[in-house]
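Under this note's numbering, think of the first position of the sequence shown as 1, with each following residue one higher.
Each residue gets a CB set at the ideal place from its N, CA and C atoms; glycine is no exception.
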Amino acid sequence: MELIVGPRTRTTPFTERAVAAGMTKAMVYNHTVLPISTDDPAADYRALTEAAAIWDVGCERQVQIAGPDAHRLVTYLCARDLRDLEVGAARYAPMCDHEGRLVNDPMALRIDEATFWLSTADSDVLLWARAVAGEGGFDVVVTEPDVWPLAIQGPRAADVVAAALGDWVRDLRFFRFANHVHDGIPMIVSRSGWSGQDGFELFLMDGSRGEELWDLLWEAGRPFGLAVGAPNNAERIENFLLSFGGDTDPETDPDEAGISHFVSLDDDDGDQAGHDFIGKAALAARRASDTQRRLVGLVVSGDPPSPMRSPHTVQSPDGHPVGTLRALVRSPKFDTNIGLALLNPPWYEPSTSLTVTVDSIDRRATTTPLPFNLDK
């Protein structure tokens, strides 16, 4: 099967460089090509966890909200309280619909007093934000700007980016960013990224300069073992970074997804009137019920699994369906099979014994809290 790209499925300014560097597999994410692997996944993992990896994540589209009501709209869209978000700061900020279900889990960046970016996971946040803005009469302009993230992740990430852009980047705190122009290449440099390692995301602000930025980082990274890579499924499961739309289904709320601590349902004093957001009342009602599922870790017996192409049914010991296995990998860190399962109550309780069929074999599975903390 050949992936055809066109107006509905875009490449990024970095796609050709990523392919030339060794990326051989890709998927579509936000209507954009996302390279996901070379032919050596074990080497991809080692580069990320032992040195540094460069990722074409231009598929992380930016939804720009600008205008007099930008702060008010972003605060209303996001379930995490952003009223105190400063210029130059970013914050992980899940979004709900009117029924309390997850719409997306972007990183919100405050670019200036009246401009915000939502760096989105895989769903059409541009359409959602425009609809909410229009229906609510917000004085804003909602666009998708010419902005393309390129990530450097790994324990040597700071060395790579400092060699390319200057030692000033080492002083950036996590989830802080700065505007920067290097040899005429405009970008925002952020200390962030979708891994459990150190890392930076460089938000290129001129798509015509993509290959220049890639080449700059590629050459700077050679002494530090920089390799091409991509968001790594094994590493992110080990450290539990949520994959919206993969670990979740269309009915999942933030509590079920294991990210309730990023939702500002109550103010510190318990007053729910402080931060209003879409779906707040519905999420509070769901939280008060006894029907919420939970995304939990699952340790699964047997040989390393084949790549999962769809969720698998998880069963109780007597064979009744109790939820779905959303992701499963062989963990290099823990030397066992670990996965993420969305389970009904009470089956998500720790150390619950379950069964899941993987590669046509019934396997024992045991629940464990997230993030994983297993003895080898």
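**Study point:** Which of helix, strand or coil DSSP assigns to Ala230
**Key:** Position 230 of the sequence shown, counting from 1, holds the residue named residue 230. Here Ala230 sits in coil by DSSP.
Review point. CB-CB under 6 Å to Gln64, same chain, minus the five flanking residues each way: which ones, in chain order?
Key: Taking the first residue of the sequence shown as 1, we reach residue 64 at position 64. Counting only Cβ-Cβ distances below 6 Å, and skipping sequence neighbours, we find Trp117, Thr143 and Pro145.
Exercise for review: Compare the C-alpha of Gly154 against each of Ala131, Thr115, Val87 and Asp44 and name the closest.
Suggested key: In the sequence shown, residue 154 corresponds to position 154, counting from 1. Gly154 has its Cα closest to that of Asp44, out of Ala131, Thr115, Val87 and Asp44.
Review point. In the DSSP assignment, what residue or residues form a beta bridge with Asp362?
Key: Your numbering for residue 362 matches position 362 in the sequence shown. Asp362 pairs with Thr357.
Review point. Where does Ile188 land, buried or exposed, given buried means 16+ other C-beta within 10 angstroms?
Key: As a first step, residue 188 must be located in the sequence shown, where it is residue number 188. Classification of Ile188: buried, given that the 10 Å Cβ count is 16 or more.
Check your understanding: Since Arg294 is in the beta strand (DSSP E), which residue starts that stretch and which ends it?
Key -> For the purposes of this step, residue 294 is taken as the residue at position 294 of the sequence shown. Where Arg294 is concerned, the enclosing beta strand (DSSP E) stretches over Arg294 to Val300.
Point to revise | Among Asp124, His261 and Asp335, nearest to Val299 - alpha-carbon criterion | key: Mapped onto the sequence shown, residue 299 falls at position 299. When each option's Cα is compared against that of Val299, the closest is Asp335.
Review point. Nearest-angstrom Cα distance between Val314 and Ser351?
Key: Here residue 314 refers to the residue found at position 314 when the sequence shown is read from its first residue. Here residue 351 refers to the residue found at position 351 when the sequence shown is read from its first residue. Cα to Cα, Val314 sits roughly 15 Å from Ser351.
**Study point:** Exposure label - Phe174; buried when at least 16 CB within 10 Å
**Key:** As a position in the sequence shown, residue 174 is number 174, starting the count at 1. The residue is exposed, with fewer than 16 neighbouring Cβ atoms inside 10 Å.
Practice item. Spatial neighbours of Pro332 within its chain, please: CB distance less than 7 Å, with the 5 preceding and 5 following residues excluded, ordered by chain position. Key: In the sequence shown, the residue the question calls residue 332 occupies position 332. Tyr45 and Ala234.
Check your understanding: Under three-state DSSP, which class holds Ser377?
Key -> Look at the range of the chain in this structure, 1 to 376, and you will see that residue 377 is not part of it.
Review point. Apart from the five residues on each side of it in sequence, which residues of its chain come closer than 7 Å, Cβ to Cβ, to Val141?
Key: As a working mapping, residue 141 is identified with position 141 in the sequence shown. For Val141, where only same-chain residues beyond five positions count, the Cβ hits under 7 Å are Ala66 and Gly67.
Review point. Going by the beta-carbon positions, is the gap between Ser195 and Leu48 smaller than 8 Å?
Key: Position 195 of the sequence shown, counted from the first residue, corresponds to residue 195. Position 48 of the sequence shown, counted from the first residue, corresponds to residue 48. Taking 8 Å as the Cβ cut-off, Ser195 and Leu48 qualify as a contacting pair.
Practice item. Following the continuous alpha helix (DSSP H) through Gly134, name the residue where it begins and the one where it ends. Key: Here residue 134 refers to the residue found at position 134 of the sequence shown. Element bounds for Gly134: Val125 to Gly136.
Check your understanding: For Val87, is the classification buried or exposed, using 16 other Cβ atoms within 10 angstroms of its Cβ as the cut-off for buried?
Key -> By 1-based counting over the sequence shown, the position of residue 87 is 87. Flag for Val87 reads exposed.
Point to revise | Reduced DSSP category for Phe200 - H, G, I as helix; E, B as strand; rest coil | key: The residue labelled residue 200 in the question sits at position 200 within the sequence shown. Of the three classes helix, strand and coil, the one that applies to Phe200 here is strand, per DSSP.
**Study point:** Distance, Asp375 Cα to Gly319 Cα
**Key:** Working through the sequence shown from its first residue, we reach residue 319 at position 319. Working through the sequence shown from its first residue, we reach residue 375 at position 375. Going from the Cα of Gly319 to the Cα of Asp375 covers about 29 Å.
Practice item. Within 10 angstroms of the Cβ of Ser192, are there 16 or more other Cβ atoms? Answer buried if so, exposed if not. Key: Here the question's residue 192 lines up with position 192 in the sequence shown. When all chains shown are included, Ser192 counts as buried.
Review point. Can you name the start and end residues of the beta strand (DSSP E) that Tyr92 belongs to?
Key: In the sequence shown, counting from the first residue as 1, residue 92 sits at position 92. Taken as a continuous stretch (DSSP letters only), the beta strand (DSSP E) holding Tyr92 covers Ala90 to Tyr92.
Point to revise | Between the CA atoms of Asn239 and Thr291 - distance to the nearest angstrom | key: Position 291 of the sequence shown, counted from the start, is the residue given in the question as residue 291. Position 239 of the sequence shown, counted from the start, is the residue given in the question as residue 239. Near 27 Å, if we compare the C-alpha coordinates of Asn239 and Thr291.
Point to revise | Alpha carbon of Ser306 to alpha carbon of Leu3, nearest angstrom | key: Counting from one through the sequence shown, the residue named residue 306 turns up at place 306. Counting from one through the sequence shown, the residue named residue 3 turns up at place 3. Whole-angstrom Cα-Cα distance: 22 Å.
Review point. If you draw a straight line from the alpha carbon of Gly207 to that of Tyr92, how long is it in whole angstroms?
Key: Translated into the one-based positions of the sequence shown, residue 207 becomes position 207. Translated into the one-based positions of the sequence shown, residue 92 becomes position 92. Approximately 25 Å, taken between the alpha carbons.
Review point. When we look at the beta-carbon of Asn179 and count the other beta-carbons within 10 Å, is it buried (16 or more) or exposed?
Key: Locating residue 179 in the sequence shown gives position 179, counting from the first residue. By the neighbour-count rule (16 or more Cβ atoms within 10 Å), Asn179 is not buried but exposed.
Point to revise | Uninterrupted alpha helix (DSSP H) stretches inside the segment 140-217 (no shorter than 4 residues) | key: 157-165
Check your understanding: Going by the CB atoms, is the gap between Gly323 and Leu342 shorter than 8 Å?
Key -> What you label residue 342 is simply residue 342 of the sequence shown in a count that begins at 1. What you label residue 323 is simply residue 323 of the sequence shown in a count that begins at 1. In this structure, Gly323 lies closer than 8 Å to Leu342 by Cβ.
**Study point:** Burial state of Asn373, where buried means 16 or more other Cβ atoms lie within 10 Å
**Key:** The sequence position of residue 373 within the sequence shown is 373, counting from 1. That one is exposed.
Review point. Which residue spans inside the segment 14-47 form an unbroken alpha helix (DSSP H) run of at least 4?
Key: 15-20
**Study point:** Residue range of the beta strand (DSSP E) that includes Arg330
**Key:** Translated into positions along the sequence shown, residue 330 becomes position 330. Where Arg330 is concerned, the enclosing beta strand (DSSP E) stretches over Pro321 to Ser331.
Point to revise | Distance between His312 and Pro414 (C-alpha atoms, nearest Å) | key: Residue 414 cannot be examined here, being either before or after the span of the chain that is shown, 1 to 376.
Review point. Contact between the segment 94-103 and the segment 274-283: three or more CB pairs below 8 Å?
Key: yes
Exercise for review: Classify His71 as helix, strand or coil using the three-state DSSP reduction.
Suggested key: Walking along the sequence shown from the start, residue 71 turns up at place 71. If DSSP states are grouped into helix, strand and coil, His71 belongs with the helices.
Check your understanding: From Leu202 to Leu217, what distance separates their C-alpha atoms?
Key -> The residue given as residue 202 occupies position 202 in the sequence shown. The residue given as residue 217 occupies position 217 in the sequence shown. Looking at the two C-alpha atoms, the distance is approximately 10 Å.
Point to revise | Counterpart residues of Val314 in DSSP-defined beta bridges | key: Numbered from its first residue, the sequence shown carries residue 314 at position 314. Gly323 and Val356.
Review point. Could you check where the beta strand (DSSP E) with Ala66 kicks off and where it finishes?
Key: Counted from its first residue, the sequence shown places residue 66 at position 66. From DSSP, the beta strand (DSSP E) with Ala66 extends over Gln62 to Ala66.
Point to revise | Pairwise C-alpha distance: Gly137 and Asp253 | key: Against the sequence shown, residue 253 aligns to sequence position 253. Against the sequence shown, residue 137 aligns to sequence position 137. Going from the Cα of Asp253 to the Cα of Gly137 covers about 27 Å.
Review point. Do you know how far the Cα of Pro7 is from the Cα of Val74?
Key: Translated into the one-based positions of the sequence shown, residue 74 becomes position 74. Translated into the one-based positions of the sequence shown, residue 7 becomes position 7. Approximately 28 Å between the Cα atoms of the pair.
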